[in-house]
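Residue numbers (my numbering), protein chains in the order written: chain V, 1 to 277; chain G, 1 to 332; chain Y, 1 to 372. Beta carbons: idealized from backbone N, C-alpha and C, even for Gly.
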Amino acid sequence: MSTKEDVITVPAPGGPGTGTAGGLDAVGISAWFGGTRVLADVTLSMPPATVTALIGPSGCGKSTFLRILNRMHESVPGAQMAGEVSLDGEEIYAPQYRVTEARKHIGMVFQKPNPFPAMSIADNVTAGLTLTGTKLNRKDRSDLVEKCLRQAHLWDEVKDRIGQPGGALSGGQQQRLCIARALAVRPRVLLMDEPCSALDPTSTLRVEETISELCSEVTIVIVTHNMQQAARVSQHTAFFLAEQGSPGGIVEHGPTRTIFSEPSDARTADYVRGRFG
Amino acid sequence: MTVTSAPPEAVPRRLTVTHDTGDRIFHGAARSIGLFVLFMTGAIGVFLGYQSIPTLHRYGLHFFSQTQWQPELDRIGIAAVLVGTVEVAFVAMVVSFPLALGLALFITDYAPKRIKSWLVTTVDLMAAVPSIIYGLWGFFLLGPQAMNVGRWLSEYLGFLPIFKVDTDPHAAVWQQSRYTGSVFIAGLTVSMMAIPLACAVMRSVFDQTPLGEREAAMALGGTRWGAAKMVVFPFAKGGIIGGTMLALGRALGETAAVLIVLAPAYAISDRILQTGGQTTSALIASNFGNATRSQLSALLTAGFVLFLITIVVNSIAAVIIRRSRSAALTEI
Amino acid sequence: MTTLDLPAELRDDGPGDLPPGATPQPTARPRRTRRLTREDWLALGGSLAASLALVVVGYLHILNFSGTVGFLLCWYATFIAVYAVVLAVTHPRTIVVERLVTATLYVAAAIVLFALGSTIVYTFAQGWKALAHANFFTHDMSGVAPTAPLTEGGVLHAMVGTVIEVGIAVAISLPLGVGTAVYMTEVGGRGSQSVRTVVEAMTALPEILAGLFVYVFLIVELGMAKSGLAAAIAMAVTMTPIIARAGEVALRFVPGGLREASSALGAGHWKTVWKVVLPTARIGLATALILAIARGIGETAVVLITSGASSFTTVSPTGVPMNSLPLFIYTAYTTHEPAAIARAFGAASVLLVMVLGLFIVARVLVRERKAR
Numbered sequence: 001m002s003t004k005e006d007v008i009t010v011p012a013p014g015g016p017g018t019g020t021a022g023g024l025d026a027v028g029i030s031a032w033f034g035g036t037r038v039l040a041d042v043t044l045s046m047p048p049a050t051v052t053a054l055i056g057p058s059g060c061g062k063s064t065f066l067r068i069l070n071r072m073h074e075s076v077p078g079a080q081m082a083g084e085v086s087l088d089g090e091e092i093y094a095p096q097y098r099v100t101e102a103r104k105h106i107g108m109v110f111q112k113p114n115p116f117p118a119m120s121i122a123d124n125v126t127a128g129l130t131l132t133g134t135k136l137n138r139k140d141r142s143d144l145v146e147k148c149l150r151q152a153h154l155w156d157e158v159k160d161r162i163g164q165p166g167g168a169l170s171g172g173q174q175q176r177l178c179i180a181r182a183l184a185v186r187p188r189v190l191l192m193d194e195p196c197s198a199l200d201p202t203s204t205l206r207v208e209e210t211i212s213e214l215c216s217e218v219t220i221v222i223v224t225h226n227m228q229q230a231a232r233v234s235q236h237t238a239f240f241l242a243e244q245g246s247p248g249g250i251v252e253h254g255p256t257r258t259i260f261s262e263p264s265d266a267r268t269a270d271y272v273r274g275r276f277g
Numbered sequence: 001m002t003v004t005s006a007p008p009e010a011v012p013r014r015l016t017v018t019h020d021t022g023d024r025i026f027h028g029a030a031r032s033i034g035l036f037v038l039f040m041t042g043a044i045g046v047f048l049g050y051q052s053i054p055t056l057h058r059y060g061l062h063f064f065s066q067t068q069w070q071p072e073l074d075r076i077g078i079a080a081v082l083v084g085t086v087e088v089a090f091v092a093m094v095v096s097f098p099l100a101l102g103l104a105l106f107i108t109d110y111a112p113k114r115i116k117s118w119l120v121t122t123v124d125l126m127a128a129v130p131s132i133i134y135g136l137w138g139f140f141l142l143g144p145q146a147m148n149v150g151r152w153l154s155e156y157l158g159f160l161p162i163f164k165v166d167t168d169p170h171a172a173v174w175q176q177s178r179y180t181g182s183v184f185i186a187g188l189t190v191s192m193m194a195i196p197l198a199c200a201v202m203r204s205v206f207d208q209t210p211l212g213e214r215e216a217a218m219a220l221g222g223t224r225w226g227a228a229k230m231v232v233f234p235f236a237k238g239g240i241i242g243g244t245m246l247a248l249g250r251a252l253g254e255t256a257a258v259l260i261v262l263a264p265a266y267a268i269s270d271r272i273l274q275t276g277g278q279t280t281s282a283l284i285a286s287n288f289g290n291a292t293r294s295q296l297s298a299l300l301t302a303g304f305v306l307f308l309i310t311i312v313v314n315s316i317a318a319v320i321i322r323r324s325r326s327a328a329l330t331e332i
Numbered sequence: 001m002t003t004l005d006l007p008a009e010l011r012d013d014g015p016g017d018l019p020p021g022a023t024p025q026p027t028a029r030p031r032r033t034r035r036l037t038r039e040d041w042l043a044l045g046g047s048l049a050a051s052l053a054l055v056v057v058g059y060l061h062i063l064n065f066s067g068t069v070g071f072l073l074c075w076y077a078t079f080i081a082v083y084a085v086v087l088a089v090t091h092p093r094t095i096v097v098e099r100l101v102t103a104t105l106y107v108a109a110a111i112v113l114f115a116l117g118s119t120i121v122y123t124f125a126q127g128w129k130a131l132a133h134a135n136f137f138t139h140d141m142s143g144v145a146p147t148a149p150l151t152e153g154g155v156l157h158a159m160v161g162t163v164i165e166v167g168i169a170v171a172i173s174l175p176l177g178v179g180t181a182v183y184m185t186e187v188g189g190r191g192s193q194s195v196r197t198v199v200e201a202m203t204a205l206p207e208i209l210a211g212l213f214v215y216v217f218l219i220v221e222l223g224m225a226k227s228g229l230a231a232a233i234a235m236a237v238t239m240t241p242i243i244a245r246a247g248e249v250a251l252r253f254v255p256g257g258l259r260e261a262s263s264a265l266g267a268g269h270w271k272t273v274w275k276v277v278l279p280t281a282r283i284g285l286a287t288a289l290i291l292a293i294a295r296g297i298g299e300t301a302v303v304l305i306t307s308g309a310s311s312f313t314t315v316s317p318t319g320v321p322m323n324s325l326p327l328f329i330y331t332a333y334t335t336h337e338p339a340a341i342a343r344a345f346g347a348a349s350v351l352l353v354m355v356l357g358l359f360i361v362a363r364v365l366v367r368e369r370k371a372r
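This is the structure in structure tokens:
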């Protein structure tokens, strides 16, 4: 929990993962922005080495819930939360658990790609190591860069120019760079907030490939508007909804197949069949 | 019926706009006002430059190497004064830069959100306080404290030339008069005017850092300082340098505070802790009163040199700020 | 808190938390995501105390120094060293650096705020001696020597002079400044970029040069007398660029849609500017004016050169020397007489109150604009 040394094990490129996928449990999560409550009493457990999709119409609190999972919600002025979130049994909101620790183990990829434009592609990938003070020698560093870029299906496209600035890539490439960057710190969970909504179909496909390959190593929680995507990549799905004027919450959750073919709740059925949203 | 040929190319019409008389007057008036202001500035520069000709004619390049200002002996030059101006500004910037940068970062990232707007107001207030009031404060309140620091510096770091003072620092009773009215104290006082200026520019640029990049750094497990180093500072480079240069320009031209704090002495000296020194603006302010025609011309020459220096410094600052990434993101 | 024991139904696939139609009970209250734990506060407090003790012993007794500034500097340096060691025991390097940087930034902010605060407090404290006498506000210094006791004399002439000079300066610089701003935003054209560059350079012009220009050009060359008018003109030279630049920003904030709507209704350019744009921007323009005034009334070098330091009250802007608050402060200071210096601080307090007042008005206006 309060580790003094930050040690990263670098698996050989192409070799087996470190198998450190973690399980997240959220209990009784509520969220406020200022005085307005936007999430009410959400409980969900996201088992290790799986992909959990969070679906639902806009504005029902899916992204807010996601940001609570890695303690990004509290960085917004006026934002508050209630409830508990545990990573492999450890409560990440406990006072003695450092925020930076939580975010190291629970990574995030944002909706709009945000590589650091002033840094090269290789430096972008290792940015998380620099930020967390992890030291690697040059050989391990370049091995890690290659491994993460391969995992993100970006290596072949940029291997000749990893010294060039990270801003000079296309949107899809930027997002895959952000994924590689998030993977470089070897998180146990990766949160993805509508990662493909700004991307073209080819890049979307690449990202989905990445998700499928990664989930044995890294637990993934993905917010998506695209129901077909949720059906394609996830094993578990949770359906969020916010009634008019009420805070959002989970209507139903369970195995993806069940949610999409035989949902128990009428509202879920309406949503997955496209009647609203 | 089939279309066999492409339609003829369309040529845009040239539109002429005729304004009514009222608008033509308005445009003319606005244009003349704008050009008048342009003309005024040029006039000041030209006037100062033109008036410098007799002086330069008379004293030539000696004007820039002579340190004394003794009009009655026909020995005048701005060498000492230019050096003094640079020294005071240098001390001011050495003190102001870290404080302004630290305060700007503090306001943006570290201060509790509730007091952030109060802090911004306070910094603006600091810039609004008249410089003569800082001058009084610098002489009566800061001076004695700074002299103590000066004495310590000259005693323990006196092997460095800039910290030497020609008095025995180890004497049992120290000569206070050798430490008053020094470039050091003047520089500290001037920094009170430089800090809010630099801080305001830096802070507004820090605030414009793209949220996405900041969040990315935080989400990777970075601390606030780590995010500042990786995201904020590279983004705000232009604002930091530009803001510092604007503050430098201000420090070079400061008059009232220097008049009060700095004890006039016309000699080139690198001893900032020792009493004595003079800046260009203080020179002009103290000597204009009983200046003959030719001495006035000499003062104007000094003024012209100051004019050129501040124009250059501020223009460089403006270009740096305008070219920076942060300017590209502002709508204004 | 270790493993969670969740009730079975929450782990099964089944109906979720919200039965159809029900609203959730507002049972939860927000929790404080405090950044610092009790250990953190102890580490901080302990380091502060330990370093203080070390410095008290070392500074005062062993090294036998004196002087508050040195004490504080030593305390800061010792605190950083002690705090770093304490933190390094349990935290990794990035957190140690972060905490040290945080402490240093708090210190930097405290230094600057303290400097400003001490300036304001010191000015009022020293000025109180003179301000306590009513004659300070009702009399001037005609016939009163600088060494005279504080029951005689006052700064009436300086206050009146400041108000008149600033008034004239505003009358000159406001139309010029707003006109230039209008030129830059509304009319535009080839010259406007040069004008903008020059205006920006002019805002940084040292005030002494404006004063020098007016002195040599108007007073010496054209034979104008040292007077309030000369000072006002020099003040206008510095104030116009400030109004022009801040005014330009205010005018740009007016949404283009308003201008288009006015044109679509058939209004000419001038009418649009006069009836739509300027009124919409009036708060921003007022703020620009107030900031320029605050700058103008504090300018010492300008009035030093262009208006003589008279000791009698005058309302005539031409022909006679006119005193003003900054000039009075400076000339009183140069006498080095205790009574005069007390008056100087009194005048400084009045000047400070004026500037603070203007500043508060500007802030209130800005808040009003934000509230719309």
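Neighbour flag for residue i against chain Y, beta carbons, 8 Å
{"i": "V/T126", "result": "no"}
{"i": "G/A69", "result": "The question names Ala, yet the displayed sequence has Trp at residue 69 of chain G. G/W69 does not count as touching chain Y."}
{"i": "G/N290", "result": "no"}
{"i": "V/Y93", "result": "yes"}
{"i": "G/G226", "result": "yes"}
{"i": "V/G133", "result": "yes"}
Residue i and residue j closer than 8 Å at C-beta
{"i": "V/C178", "j": "V/N114", "result": "yes"}
{"i": "V/S216", "j": "V/A21", "result": "yes"}
{"i": "G/L197", "j": "G/G138", "result": "no"}
{"i": "Y/S311", "j": "Y/D140", "result": "yes"}
{"i": "Y/I329", "j": "G/I132", "result": "yes"}
{"i": "G/F163", "j": "G/L273", "result": "yes"}
{"i": "G/R178", "j": "G/T275", "result": "yes"}
Any chain V beta carbon closer than 8 Å to residue i
{"i": "G/A217", "result": "yes"}
{"i": "Y/T104", "result": "no"}
{"i": "Y/P24", "result": "Since pLDDT at Y/P24 reaches only 47, below the 50 mark, its modelled position is unreliable, and no value is offered."}
{"i": "G/E213", "result": "yes"}
Rounded separation between residue i and residue j - CA only
{"i": "V/T256", "j": "V/A230", "result": "8 Å"}
{"i": "V/T268", "j": "Y/V112", "result": "58 Å"}
{"i": "G/I309", "j": "V/G172", "result": "49 Å"}
{"i": "V/S264", "j": "V/I220", "result": "25 Å"}
{"i": "G/L56", "j": "G/F47", "result": "14 Å"}
{"i": "Y/A53", "j": "G/T108", "result": "33 Å"}
Cross-chain neighbours of residue i in chain B, by beta carbon under 8 Å
{"i": "G/E155", "result": "This model lacks chain B altogether, as its protein chains are V, G and Y."}
Residues that residue i contacts on chain V, provided the C-beta gap is smaller than 8 Å
{"i": "G/T108", "result": "Ordered by position in chain V, no residue passes the 8 Å Cβ test against G/T108, which lies about 12 Å from the chain."}
{"i": "Y/I95", "result": "R98, T100"}
{"i": "G/P363", "result": "Residue 363 of chain G lies beyond the stretch modelled for chain G, which goes from 1 to 332, so this question has no answer here."}
Residue i at chain G interface by Cβ criterion, 8 Å
{"i": "Y/E368", "result": "no"}
{"i": "Y/A109", "result": "yes"}
{"i": "Y/R259", "result": "no"}
{"i": "Y/P279", "result": "no"}
Neighbour list for residue i in chain V, Cβ cutoff strictly below 7 Å
{"i": "Y/R29", "result": "A82"}
Closer than 8 Å at the beta carbon, the chain G residues around residue i
{"i": "Y/M184", "result": "G34"}
Residue i Cβ short of 7 Å to the ligand ZN heavy atom set
{"i": "V/S264", "result": "Judged by which ligands are present, the structure shown has none, so any question about the ligand ZN falls away."}
CB-CB length for residue i against residue j, believed under 8 Å
{"i": "V/N44", "j": "V/M108", "result": "The sequence shown places Leu at residue 44 of chain V, rather than the Asn named in the question. Not really, about 17 Å apart at Cβ, beyond 8 Å."}
Proximal residues of chain G, C-beta to C-beta of residue i below 9 Å
{"i": "Y/Y215", "result": "F288, L296"}
{"i": "V/G107", "result": "A219, L220, G221"}
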